[in-house]
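Participant: Below is one structure. I have some questions about it.
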Amino acid sequence: MISASCAAPALRRLFWPALALVCVLLSNLLFAPGFFRIEIRDGHLYGSLIDVLNRGTPVLLAGLGMTLVIATAGVDLSVGAVAAIAGTVAALLITRTEAGLLTIVTVPLCVALLAGLCNGLLVVGAGLQPIVATLVLMVAGRGVAQLLGRGQIITFEHAGFETIGGGYLAGLPCTVSIVAAAYVLAGLLTRRTALGLFIESARDSPTASYYAGVPVGAVKLFAYAFSGFCAGLAGLIVASDIKAADANNAGLYLELDAILAVVIGGTALTGGRFSLSGTVLGALIIQTVTTTILTRGVPVEYTLVVKALAVLGVCLLQSAGLRRRLRGSAVPQ
Amino acid sequence: MGENALLELRGICKSFPGVCALNNVDFTLARGEIHALLGQNGAGKSTLIKVLTGVCRRDAGVILLDGQPIHPRSPRHAEELGIRTVYQEIGLVPHLSVAENLLLGHQPGNRLWINWKQTHRRAAQLLREIDLDIDVRLPLAHFPVAVQQMIAISRALYTPADGQLSRRPTRVLVLDEPTSSLAPAEVERLFAILRQLRDRGLGIIFISHFVEQVYAISDRITVLRNGQRVVTAPAASLGRVELLAHMLGHELASVQAVEPTARGASADAQAGPVLVRARGLGRRGALAPTNLEIRRGEVVGLAGLLGSGRTELARLLFGIDRADTGSLEIDGQPVRLGSPRQAIARGLGLCPEDRQAEGMIPNLSVRENVVLALQARRGWWRRLPGRRQRELAARFIDALRIANVDPDKRASELSGGNQQKILLARWLAADPRLLILDEPTRGIDVGAKAEIERLIQQLCRQGLAVLFTSCALEEVARNAHRVLVLRERRKVGELTGPQVSLSAILHLIATGVECD
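Those protein sequence lines, which keep their order, are chains U and E. Just so we're on the same page, my numbering is the position in the first sequence counted from 1, plus 22. Just so we're on the same page, my numbering is the position in the second sequence counted from 1, plus 141.
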């Protein structure tokens, strides 16, 4: 995926996220015996690790899109709302029409892509601050989803569609293959074409990139559209998993987890290189923490606090500034 | 000057690591005098002002104000001593009202509350002193730049009467490029105020690149070059050509002696077909309508002082700014360039003047910086394979003789000269037909300069057209087959072939009229 010459620094950047993931996993050896047990039932793999992969897919997908948006010095707050729209559109297609599986999947994805494009146009064309531009859709998008579903949770039954979130492929949940495909797609798009170079260059010096002929606006537009598409995929998975479209709760706070995954993964909000693999590690860290808390049976009212503390710990572990300070204070003493 | 001297600087020296910015500079400002300080970039003007206003400390020398030695420690301290400065960037707060801007920090009132009525009255009174009658309650941004400039001057003149601060009334006013964003009528208005202040006995130090304005307003002129004072003379007795020669560093005799050099290729170049033709190309406030022709294989020089419109012309040709008059033809086809991308698609390239902000992508590698323009021209889909990128980088690092550069190093780690070469490499890799080089030799060492000049000549022989601008007129004279001379944002003449000489360019810039 990455050419040999820049493989070394790219791998070095992944060191701290990887270390953090290992730490979080190892802590389960102490807290949650049986966390690493994987069973085979009916040819399918079961276990907490598989569960992490499966449950982590919405954040993983949203995180991939978010990585590219953040790499263009933006942020996409609307991914949760877009996921809700995609789920609702799919549910409507199932319950109200006789559409085939292909339509049920493609139409919501196109809607999500359009939503992402709208974000991009607001940022690039209208020159709005990314936070403000995507905040519009974050609020309005959920409203649109509620309107589409007339404020009701739309439940459905559709064997084909349900395999997206609940089915298995080669022993693993289908969701894992979907994420893998999205990851490969994002990797190919950014590293096998010049998009990655353009994104990083436009982020580093927009003026110089513009003068060198880099299509700065188009690159941003692509990032937002891709983020919308990923959010749509996440929305389909969520809807398929619960066999319902819940406009109020589907994808709630997804954007925040996605941003967190990107940052934990080593793509700085302040710019520089971006790392899709880092985001994957970041999302896995978040999901592992969540799953650990759930399997440990931490009382519900503690979950959010414990999760926040765990994430804080991971962030501190990775903080280059903190490491420098610790090293600096160690020397004079 | 003797007794009439208001401010005297004697033997001022200031070094920064590796650079001697000021070397034994003397400067005297008389009471009731407007004294212009001139010099090219890096001549030491701003360092001298910084020493005077306490931004940095002098290494050696004496500053006397009214015969008393002073030691300005900070801009605030200099202000308290009566030395006030109005900078090029006006340094006011656009969204606050005029009155707030004027009295910021000194509003009348008690500790808790501001007395707004009194604030407004005092602000209006201050502005009336410089004949400005405006509503002081409106935000600053409501007014044109010229008025803002005058408000800035008014603020510089203000001395709070409350006696809390041991501020002395303004004695010395320093104006750093006050006219660079003003229209001619506004300049006149500003000058009227300056003359009025001078007649009140203030000493004014006036820094500007506009030679005509310097002559219009100043009583005396001091020229700095390479950190040394070259000349101080009454404006009336210093000829324009002489002044320029002092600024640019040529003794008059040698200017006249310089012969056109190595322009053998010019005859062949003239034979090349016209690549770019501009008719009446201009933009309000940036460049008066200008005609221009560039042929294949030709080096066209753009000569002029800073602010003469060189960069503006380059930006118009490259589609960064849109022209609002005139037309542009490339290869005989009329074109309207709306962005650098469109210019690049038609075979243009631009090495911008400001390498740091407009050229380098600091955190990308040298290799990525080199391939960027070519990749942008190919489009995002047709990525240059890694091997091809490394080949290109290696080829141009070799061709431009860039020593000791790892193509995977971050571009920001390179020296200025190497960064410039990397930018050249970027455009050469993109294979343009016209390369616009805006100050390609600024801030780089002599060896690298010679390399770049050699390269320009070589590329021209291969049919590339080059538009070359430089502050260093001898470089323009040496390299160009044809020279366009710009002065105060309009083209004042064109010199071709044997006419191109340093003295002819100097004469045109100084007087705006072609000799003979």
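Here a beta-carbon is modelled for each residue, glycine too, at the ideal position from N, C-alpha and C. Note that the structure is a prediction, hence the values are computed from the model and not measured.
1. Where PRO235 of chain E and ARG519 of chain E are concerned, what is the direct C-alpha to C-alpha distance, given to the nearest angstrom?
2. List, in chain order, every chain U residue whose beta-carbon is nearer than 7 angstroms to that of ILE485 of chain E.
3. So if I threshold CB-CB distances at 7 angstroms, which residues from the segment 503 to 520 of chain E count as touching chain U?
4. Name the chain E residues that come within less than 7 angstroms of ALA216 of chain U, Cβ to Cβ?
5. Which residues, in order along the segment 224 to 252 of chain U, keep a beta-carbon less than 7 angstroms from a beta-carbon of chain E?
6. Using a Cβ-Cβ cutoff of less than 7 angstroms, which residues in the same chain neighbour ALA261 of chain U once the five nearest sequence positions on both sides are dropped?
7. Here's a check: name, in chain order, each residue in its chain whose Cβ is nearer than 6 angstroms to the Cβ of ALA589 of chain E, leaving out the five neighbours to either side.
8. I need the DSSP call for THR94 of chain U, collapsed to helix, strand or coil.
9. Using DSSP bridges, identify the partner residues of ILE60 of chain U.
10. Would you kindly work out how many angstroms separate the C-alpha atoms of ARG346 of chain U and LEU575 of chain E, rounded to a whole number?
11. Among the candidates E:TRP254, E:PHE168, E:SER359, E:ALA429, whose CA atom is the shortest distance from the CA of ALA324 of chain E?
12. For the segment 470 to 496 of chain E, enumerate the residues whose C-beta is nearer than 7 angstroms to any C-beta of chain U, in chain order.
13. Return helix, strand or coil for SER395 of chain E, following the three-state DSSP convention.
14. Per DSSP, PHE168 of chain E forms a beta bridge with which residues?
15. Helix, strand or coil: which one does DSSP assign to HIS218 of chain E?
16. Residues of the segment 73 to 94 of chain U in Cβ contact with chain E at a cutoff of 7 angstroms, in chain order, please.
17. What in chain U is Cβ-close to ARG567 of chain E, meaning under 9 angstroms?
18. Using only CA atoms, which one of U:PHE178, U:GLY69, U:LEU41 lies nearest to PRO195 of chain U?
19. How big is the Cα-Cα spacing for SER395 of chain E and LEU384 of chain E?
20. Return no unless some Cβ of chain U is closer than 8 angstroms to the Cβ of VAL399 of chain E.
21. Against ARG220 of chain U, what residues of chain E qualify as contacts under a CB-to-CB distance less than 7 angstroms, listed in chain order?
22. How long is the line joining the alpha carbons of ILE92 of chain U and ARG567 of chain E, rounded to whole angstroms?
23. I need the DSSP call for LYS550 of chain E, collapsed to helix, strand or coil.
24. Quick one: Cα of LEU513 of chain E to Cα of ALA192 of chain U, how far?
25. Could you spell out where the alpha helix (DSSP H) holding THR110 of chain U opens and where it closes?
26. When the Cα atoms are used, what is the spatial distance from GLU222 of chain U to LEU211 of chain U?
27. Given ALA177 of chain E, which residues of its chain have a CB within under 6 angstroms of its CB, disregarding the five upstream and five downstream residues?
28. For the putative contact between ALA162 of chain E and GLY448 of chain E, defined by C-beta atoms under 8 angstroms, what is the C-beta separation to the nearest angstrom?
29. Would ARG477 of chain E be called buried (16 or more neighbouring beta carbons within 10 Å of its own) or exposed?
30. Terminal residues of the continuous alpha helix (DSSP H) containing VAL328 of chain E?
31. Which bits of chain E does GLY254 of chain U rub up against, with CB to CB less than 8 angstroms?
32. Does LEU316 of chain E come out as helix, strand or coil in the three-state DSSP assignment?
33. Using the C-alpha atoms, what's the distance from GLU592 of chain E back to ILE646 of chain E?
34. Under a three-way DSSP split, which group does LYS265 of chain U fall into?
35. Residues in its own chain within less than 6 angstroms of GLY173 of chain E by CB, not counting five upstream and five downstream?
36. Beta-carbon separation of VAL328 of chain U and GLY254 of chain U under 8 angstroms?
Facilitator: A quick look at the data gives this:
1. 43 angstroms
2. Going along chain U in sequence order, the residues near ILE485 of chain E (Cβ under 7 angstroms) are GLY235.
3. PRO503, ASN504, LEU505, GLU509, LEU513, ALA514, GLN516, ALA517, ARG518
4. Within 7 angstroms of the CB of ALA216 of chain U, the CB atoms of chain E belong to GLN516, TRP521, ARG524, in sequence order along the chain.
5. ASP226, SER227, THR229, ALA230, SER231, TYR232, TYR233, ALA234, GLY235, VAL236, PRO237
6. Correct list, in chain order: GLY109, ALA112, ALA113, ALA267, ALA272.
7. GLY558
8. coil
9. U:GLY69
10. 49 angstroms
11. E:ALA429
12. Taking 7 angstroms as the cut-off between beta carbons, the residues of the segment 470 to 496 of chain E near chain U are PRO481, ARG482, ILE485, LEU491, PRO493, in sequence order.
13. Confidence in SER395 of chain E is poor, its pLDDT being 49 and thus under 50, which makes the residue's placement unreliable; the coordinate value appears in the next sentence. Three-state DSSP puts SER395 of chain E in a helix.
14. E:LEU150
15. Helix at HIS218 of chain E.
16. none
17. ALA234
18. U:GLY69
19. Legend: pLDDT at SER395 of chain E = 49, less than 50; position of this residue unreliable, value from coordinates given subsequently. Looking at the backbone, the Cα of SER395 of chain E and that of LEU384 of chain E are separated by about 14 angstroms.
20. Low local confidence applies: a pLDDT of 40 at VAL399 of chain E is under 50, so the model's placement there is unreliable, and no value is given.
21. It is Phe, not Arg, that sits at residue 220 of chain U in the sequence shown. Going along chain E in sequence order, the residues near PHE220 of chain U (Cβ under 7 angstroms) are TRP521.
22. 27 angstroms
23. coil
24. Approximately 42 angstroms, taken between the alpha carbons.
25. 101 to 118
26. 14 angstroms
27. PHE347, VAL355, SER359, ILE362
28. Incorrect: roughly 22 angstroms between the Cβ atoms, too far for contact.
29. exposed
30. 325 to 340
31. Under a criterion of Cβ atoms nearer than 8 angstroms, no residue of chain E is adjacent to GLY254 of chain U; the nearest Cβ is some 23 angstroms distant.
32. Correct three-state label for LEU316 of chain E: strand.
33. 24 angstroms
34. coil
35. ARG339, GLY342
36. no
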